[in-house]
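4 protein chains.
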Amino acid sequence: MKVIRDAIHGDIVLDEFALRIVDTPEFQRLRRITQLGLAYLAYPSARHTRFEHSLGTFWLAKKIAENNRDTVEGAVAYAALLHDLGHYPFSHTLEALYGSHEENTRRALKEGEIRDVIGERYSLKEFLSLLKHPIVSGDIDADRMDYLVRDAYYTGVAYGLVDLDRLIRNLRYDGEKLIIGQKGIMAAQSLLLARSMMYPTVYQHHVSRIASAMLIKAVELERIREKEVATMDEVDLIARLRGSERDEVRELVKAIDDRRLYKRIVYTNEEFKNVEELKKALEDEFNHLAILDYPPKPKFEEKNAFVEGGQRLSNVSPLVRSLVELKDTHWRWGVYAREDVREEVRQFVMDFLG
Amino acid sequence: MKVIRDAIHGDIVLDEFALRIVDTPEFQRLRRITQLGLAYLAYPSARHTRFEHSLGTFWLAKKIAENNRDTVEGAVAYAALLHDLGHYPFSHTLEALYGSHEENTRRALKEGEIRDVIGERYSLKEFLSLLKHPIVSGDIDADRMDYLVRDAYYTGVAYGLVDLDRLIRNLRYDGEKLIIGQKGIMAAQSLLLARSMMYPTVYQHHVSRIASAMLIKAVELERIREKEVATMDEVDLIARLRGSERDEVRELVKAIDDRRLYKRIVYTNEEFKNVEELKKALEDEFNHLAILDYPPKPKFEEKNAFVEGGQRLSNVSPLVRSLVELKDTHWRWGVYAREDVREEVRQFVMDFLG
Amino acid sequence: MKVIRDAIHGDIVLDEFALRIVDTPEFQRLRRITQLGLAYLAYPSARHTRFEHSLGTFWLAKKIAENNRDTVEGAVAYAALLHDLGHYPFSHTLEALYGSHEENTRRALKEGEIRDVIGERYSLKEFLSLLKHPIVSGDIDADRMDYLVRDAYYTGVAYGLVDLDRLIRNLRYDGEKLIIGQKGIMAAQSLLLARSMMYPTVYQHHVSRIASAMLIKAVELERIREKEVATMDEVDLIARLRGSERDEVRELVKAIDDRRLYKRIVYTNEEFKNVEELKKALEDEFNHLAILDYPPKPKFEEKNAFVEGGQRLSNVSPLVRSLVELKDTHWRWGVYAREDVREEVRQFVMDFLG
Amino acid sequence: MKVIRDAIHGDIVLDEFALRIVDTPEFQRLRRITQLGLAYLAYPSARHTRFEHSLGTFWLAKKIAENNRDTVEGAVAYAALLHDLGHYPFSHTLEALYGSHEENTRRALKEGEIRDVIGERYSLKEFLSLLKHPIVSGDIDADRMDYLVRDAYYTGVAYGLVDLDRLIRNLRYDGEKLIIGQKGIMAAQSLLLARSMMYPTVYQHHVSRIASAMLIKAVELERIREKEVATMDEVDLIARLRGSERDEVRELVKAIDDRRLYKRIVYTNEEFKNVEELKKALEDEFNHLAILDYPPKPKFEEKNAFVEGGQRLSNVSPLVRSLVELKDTHWRWGVYAREDVREEVRQFVMDFLG
């Protein structure tokens, strides 16, 4: 048994098996994967990592599991601990190139020391299936409970106060889905509201978006294969880019380091059809000096948040319903360019758009 | 004017000149120098950096200066902003090899973009002298006010609650020294108490001590010159060590990454005379597998904390007096060894100590 | 100048004139008027008073005024300080009998020591008009900013975290209305969301509703005139009820003291037309043992929250728009009865409703 | 089972027996006994009561008991819940007249509904003995843990941050005394430091001292018998004083209500022998217009705080040792007088002291 001090949850107690997981090199790598990627360029203190988020998710999942001993196997907490094992450097940033980290998590669990540790107690198939358990991956899950409160704490943004005690006390698992008790509805609602406010304020902050687009471009130009990036940490990746043979790559990573970020030429919530054409045209004309960033629409499906009595949360909470309806509100796409060519790029885009 | 959100002080407002300083590559490098070095191996969430600490120190110094417009020039806040510019990667860790970062700060101010920015308004000599101003560098200074509260917040340790508002409101600068008003004494005392509790709990935590000793050994073996390390960030340093031609160096940095730390063979507060001899003997016998760590005694001089009326703070606060007397309490020296050779090292040290 | 420590805002600084106001017996009376009336029967720690809320409102109004020196006269802060002077014992509770406290505030300002203090600097007419200033009384005003954060802090409920610094920094007064800057929109939205969650959780908690209905009944039966109650504090009122010649009154106040509250017979959000008839019938049949509580619908008009550019906040924030639409969601009316007659009352009401 | 929201501990869960205790009129009376008496005249927001402090003490005692199931009977938590049942109005204030509340607690447990509830499960003798259990009444006990953190929270003073989780996790009861584990020493030390700073800042604040002396004088002049005051709440007491037949009593209570406090004529830490003579002389000359306040020296015995291994806490913590030695530092005695006679009183005291 080991006690780890966490700024969010106080003392987190690791049982012996959890400690064995944490002690693998694969898990320790998460100490070098920042939770919010390049968001620290907008919120300097957002330097927390997937490591402490994973510990926090474990801790909350364990509490939920303990309140539901009849229906939840203890292994769910270990799945929660490992749910982010496959994150690439800078977390979600590079998923635009390499796909969701979830596939990489599944791959990572099949290799190295972590495979052996898991294998002592669980079959791989059994364990992988737990990654989809509603306590680990749902609308009101341990993952989200931890990251909203944690991200708010570290950024210093005032939108992450969620009554986790009250919420966890009022979650029941019926063998299939998590059900929110009457006295937990307000806390669940505030969790979803917190998410909706963190989304534009932090997760989609334009500074983070621009820096991420620059990093993606650098990695793309460096042609790092998925297989390589899958086990890199942030030191590996940045060192690789700094040492690139390509001038554009070194220039991009230096600009991120120095926070000399590209400027917004386009930044709008109007949908646009010819994304690929414009992207190609910009590349042909400006190479790495102009970047098109057209992210997918945010998902806000609230598909498995149920309330005692059988209704969906959105049925009993008009505020949650409005969140579902309004999910696109803060979505934007953009074109960013290095400061010295902003006028040329602006003209080019205007000509293209006609 | 720019507003930066900080988790400790809320909105920090940068005036135009402060913003120009912050925008230099030299200052941006501080984003990649962690405030507490390897302490994150004991406190996972301690990932904050010298960048946000520097902003916080600026902000507090500015408030103190504004309360003392007759006696304090505004430039003191810019000196506070830059007081840590010369920190090496992992902050204090490598000072055992390269000396205090303060000399490096002075050097750094004479070079690059930052020199030009400073030079627009101040002579170098004038500016360097402000680094010694009691608001920047004293017993009750903006630096300490910021780091105690910040380090407690990020580690999650409960010893950093200091009433900064009350303290700052009651600080007067008489042209020579900072003087604590009657109503600020309790807050000043609590600042020094917080420091005395943070010292053993965080700053001298044995996990941090061991990992630091391992990093120092790796850097020493890699023979990185002071000139090189002076401008490195943590990516540079770790990448360099990972890519070393020496097996021992790669092995040490891998052990830190994997948190496979050396074990304590000796850990005691009894003074020891033959440090150099034992160190040499251990190196000859065990090379990098055993490390002697004999840190200097902590300073707690409380030399310039004065109270309204002319007395020292230690004269009016018996608790502070006892802090001065007890400064050595938590000092320890140690010998650490890789787990597989711990018994050999133990035997060797016992033989040496006779 | 005097500094008062406040749990919400830290040090509140009173200038000499503010201090003279605070030092009047009329203002000191607010120390004995609880902010949330009988809510402490649901949230035991909600014992804060109109006194500290008034200081907090003053402090926030002063900050907003200081950021808008060209358009806001300093006297607004004193109006904020005095905006709740006329509250009856247990704050809003007795307004059902005596009308809004606002009229009583205006009356109180014309009498006693407070009249003389105000009169030294301002004409009464001038001062009374400031009570309607948008900084004191609007949708995003100093009053609401203070009470939401304060009520959350004292009840321990997790819905009151509002970024007041950010909001205040981004409020501009154009001589007619308060305008929220772009960077303050999210903070303003979170203020209104906090209110919408505090409303059902705290302000309309059924325990508080029932106890309030019992107190209103006791005061009604005791036939205390408005003129008398207007200057009473909570000691006066409770002592009066305890010493009543009427058994029913003494019984009601004892039941509140012992927290032996009436039970809910009806509690529904379906509107009901024959309120007065049912009320009369219940009184005739059960005297003080059954109480009908039919509160007015909550107001959520958001009539004067404007955003930079001229739009209403509800136009730019879909969440705020949904709040406006959903204002009735948590409204309920009820019939409460003493435990021993609950069955008789239930039958009676069912017969009445047919 | 019932859940009560507390601002300090979050959700407090009352089991059925605890709930029966809480539901007695005797326990509900604690809602009307403020925790810090007249300290709200210095710290306006200090309006919390013995009721919520008692719930908090119960909750912490229960946690300690659960960690020590082999050695601690569950009833200890109920003793913790009831440890303050006998507090007089304004808590410690009137103990100068009526003796410690502890005797009154023992008496109160023998009467009324509470006697019947206790009697269902425990013999009176057995229960009374639990009031002396180290978990309820020691140097590091649940009572102190709760009140320090709570009093700091409600006053807004920054000296009450104690790591209760860490401390409670490291407390072991050996059947005789509470023993602090190695990892709890720093938390225990910070508890005692917090107490030492709360003492002068809050508990012995001169405003509270003066107002208390005035209230004691009023009660003394009103000649309320111990038997009467023993079951009064604060409404009863203040109403009684306001309705007194004696002008002096009404004048004193009005002065407290209006915060027109007596001024300090003497306020010193020099011991004084002829207390009774001066007191008598002042009474003869000035009646209720001058008051002598000579409190007992504070106790700081640290008599039963033991550390793993058998040592006293003061032996392993030099800071705690210095607290023991310095316990008198903030002790003061005073003479206070109504503002209009301060000069006469000053002259009189000077003549008396020669």
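Heads up: the protein sequence lines correspond to chains A, B, C and D, in order. For the first sequence, the UniProt record's numbering begins at 1 and goes up steadily by one. For the second sequence, the UniProt record's numbering begins at 1 and goes up steadily by one. For the third sequence, the UniProt record's numbering begins at 1 and goes up steadily by one. For the fourth sequence, the UniProt record's numbering begins at 1 and goes up steadily by one. All C-beta atoms in this analysis are idealised placements derived from N, C-alpha and C, irrespective of residue type, glycine included.
In three-state DSSP terms, what is B/A146?
Taking the second sequence and counting its residues from 1, the one referred to as residue 146 of chain B is at position 146. In the sequence as displayed, the identity of residue 146 of chain B is Asp instead of Ala. B/D146 falls in the helix class under three-state DSSP.
Going by the CB atoms, is the gap between D/V76 and D/V136 shorter than 8 Å?
Position 136 of the fourth sequence holds residue 136 of chain D. Position 76 of the fourth sequence holds residue 76 of chain D. Contact flag set, yes.
With hydrogens ignored, establish whether the beta-carbon of A/G354 is closer than 7 Å to any heavy atom of the ligand COA.
Among the components of this structure there are no ligands whatsoever, and the ligand COA is therefore not found.
I'd like to know if C/V162 contacts chain A, where contact means its C-beta is closer than 8 Å to some C-beta of that chain.
In the third sequence, the residue the question calls residue 162 of chain C occupies position 162. For C/V162, a Cβ of chain A is located within less than 8 Å of the residue's own Cβ.
Rounded to whole angstroms, how far is the Cβ of B/A187 from the Cβ of B/V162, which I believe are closer than 8 Å?
Stepping through the second sequence from its first residue, residue 187 of chain B is reached at position 187. Stepping through the second sequence from its first residue, residue 162 of chain B is reached at position 162. That belief holds up - the Cβ atoms of B/A187 and B/V162 are roughly 7 Å apart, short of 8 Å.
Of the choices B/A290, B/D174 and B/R20, whose alpha-carbon is the least far from that of B/D116?
Residue numbering aside, residue 116 of chain B sits at position 116 when the second sequence is read from its first letter. The candidate whose alpha carbon is nearest that of B/D116 is B/R20.
For B/Y98, the three-state DSSP class (helix, strand or coil):
Sequence index remark: in the second sequence, residue 98 of chain B carries index 98 (1-based). Residue state, collapsed to three classes: helix.
Which class does B/V13 belong to by DSSP, given the choice of helix, strand or coil?
To locate residue 13 of chain B, count along the second sequence from 1; it is residue 13. It is a strand residue.
Out of C/R332, C/L261, C/R242 and C/K263, point me to the one whose CA is closest to C/E270's CA.
Indexing the third sequence from 1 puts residue 270 of chain C at position 270. Nearest to C/E270 by C-alpha distance, out of C/R332, C/L261, C/R242 and C/K263, is C/R332.
The alpha helix (DSSP H) spanning A/Y267 covers which residue range?
The residue given as residue 267 of chain A occupies position 267 in the first sequence. Premise fails: A/Y267 lies in the beta strand (DSSP E), K263 to T268, not in any alpha helix (DSSP H).
Using the C-alpha atoms, what's the distance from D/L221 back to D/Y88?
What you label residue 88 of chain D is simply residue 88 of the fourth sequence in a count that begins at 1. What you label residue 221 of chain D is simply residue 221 of the fourth sequence in a count that begins at 1. Cα atoms of D/Y88 and D/L221: separation of roughly 17 Å, rounded to the nearest angstrom.
Identify the continuous beta strand (DSSP E) that holds D/V320 and give its terminal residues.
Locating residue 320 of chain D in the fourth sequence gives position 320, where the first residue counts as 1. That residue, D/V320, is in no beta strand (DSSP E); its alpha helix (DSSP H) goes P318 to E325.
Given A/Y153, which residues of its chain have a CB within under 7 Å of its CB, disregarding the five upstream and five downstream residues?
Looking up residue 153 of chain A in the first sequence gives position 153. Closer than 7 Å at the Cβ level, and outside the excluded window around A/Y153, lie A7, I8 and G160.
Is the Cβ of B/M198 closer than 8 Å to any Cβ of chain D?
Indexing the second sequence from 1 puts residue 198 of chain B at position 198. Cβ-Cβ to chain D under 8 Å: no for B/M198.
Closest Cβ-Cβ distance between C/S190 and chain A: below 8 Å?
Taking the first residue of the third sequence as 1, we reach residue 190 of chain C at position 190. Cβ-Cβ to chain A under 8 Å: yes for C/S190.
When you compare each of B/R259, B/P295, B/K125 and B/P134 to B/N68 by their alpha carbons, which one comes out closest?
In the second sequence, counting from the first residue as 1, residue 68 of chain B sits at position 68. Among B/R259, B/P295, B/K125 and B/P134, the Cα nearest to that of B/N68 belongs to B/P134.
For A/K227, does the count of other Cβ atoms within 10 angstroms reach 16, so buried, or fall short, so exposed?
To locate residue 227 of chain A, count along the first sequence from 1; it is residue 227. Exposed is the call here.
If you run the structure through DSSP and keep just helix, strand and coil, what is B/I64?
For this step, residue 64 of chain B is matched to residue 64 along the second sequence. In the structure shown, B/I64 sits in a helix (DSSP, three-state: H, G or I).
At a Cβ threshold of 8 Å, is B/S45 touching chain D?
Here residue 45 of chain B refers to the residue found at position 45 when the second sequence is read from its first residue. No, because no Cβ of chain D sits closer than 8 Å to the Cβ of B/S45.
Less than 8 Å between the beta carbons of C/K177 and C/N304, yes or no?
Here residue 177 of chain C is taken as the residue at index 177 of the third sequence, counted from 1. Here residue 304 of chain C is taken as the residue at index 304 of the third sequence, counted from 1. It is a contact, given that the beta carbons lie within the stated cut-off.
Within 8 Å, strictly: CB atoms of A/S54 and A/L36
Working through the first sequence from its first residue, we reach residue 54 of chain A at position 54. Working through the first sequence from its first residue, we reach residue 36 of chain A at position 36. In this structure, A/L36 does not lie closer than 8 Å to A/S54 by Cβ.
Which of helix, strand or coil DSSP assigns to A/L237
Here residue 237 of chain A refers to the residue found at position 237 of the first sequence. Note: A/L237 maps to helix in three-state DSSP.
Using the three-state DSSP reduction, which class does C/V157 fall into: helix, strand or coil?
For the purposes of this step, residue 157 of chain C is identified with residue 157 of the third sequence, where counting begins at 1. C/V157: coil per DSSP, three-state reduction.
Roughly how many whole angstroms lie between the Cα atoms of B/I179 and B/E102?
Residue 179 of chain B sits at position 179 when you count from the first residue of the second sequence. Residue 102 of chain B sits at position 102 when you count from the first residue of the second sequence. Using only the alpha carbons, I get a separation of about 25 Å.
Assigned secondary structure, A/F348 (DSSP; H/G/I helix, E/B strand, else coil)
Taking the first sequence and counting its residues from 1, the one referred to as residue 348 of chain A is at position 348. A/F348 falls in the helix class under three-state DSSP.
Under 8 Å between C-beta atoms, does C/Q28 make it to chain D?
Here residue 28 of chain C refers to the residue found at position 28 when the third sequence is read from its first residue. True, the Cβ-Cβ gap to chain D drops below 8 Å.
Distance, B/S196 Cα to B/L323 Cα:
Translated into the one-based positions of the second sequence, residue 323 of chain B becomes position 323. Translated into the one-based positions of the second sequence, residue 196 of chain B becomes position 196. Distance between the alpha carbons of B/L323 and B/S196: 7 Å.
Per DSSP, which residues does A/K2 bridge with? Please list them.
Locating residue 2 of chain A in the first sequence gives position 2, where the first residue counts as 1. Note: A/K2 sits in a beta bridge opposite A/L14.
Where does C/R172 fall in DSSP's three states?
The count along the third sequence starts at 1 and reaches residue 172 of chain C at position 172. Strand.
Which residues, in order along the region 48-60 of chain D, keep a beta-carbon less than 8 Å from a beta-carbon of chain C?
H48, T49, F51, E52 and L55
How would you label A/D174, buried or exposed, when you count the other beta carbons within 10 angstroms and need 16 or more for buried?
Locating residue 174 of chain A in the first sequence gives position 174, where the first residue counts as 1. A/D174 comes out exposed.
Rounded to whole angstroms, what's the CA-CA distance from C/I168 to B/E66? Just pull it up for me.
The count along the third sequence starts at 1 and reaches residue 168 of chain C at position 168. The count along the second sequence starts at 1 and reaches residue 66 of chain B at position 66. Between C/I168 and B/E66, the C-alpha separation is close to 21 Å.
Residues near B/H288 by beta carbon distance below 7 Å, same chain, minus five either side
Counting from one through the second sequence, the residue named residue 288 of chain B turns up at place 288. Cβ neighbours of B/H288 beyond the five flanking positions: K217, L221, E248 and L252.
CA-CA distance, C/V3 and A/R50?
Counting from one through the third sequence, the residue named residue 3 of chain C turns up at place 3. Counting from one through the first sequence, the residue named residue 50 of chain A turns up at place 50. Each residue's alpha carbon lies about 44 Å from the other.
Along chain D, which residues have their Cβ under 9 Å away from the Cβ of C/R5?
Here the question's residue 5 of chain C lines up with position 5 in the third sequence. Going along chain D in sequence order, the residues near C/R5 (Cβ under 9 Å) are A42, Y43, P44, S45, T155, G156 and V157.
Proximity to A/Y336 [Cα-Cα], best of A/P318, A/T329, A/E283 and A/A18:
Within the first sequence, numbered from 1, the residue matching residue 336 of chain A stands at position 336. Minimum Cα distance to A/Y336 is reached at A/E283.
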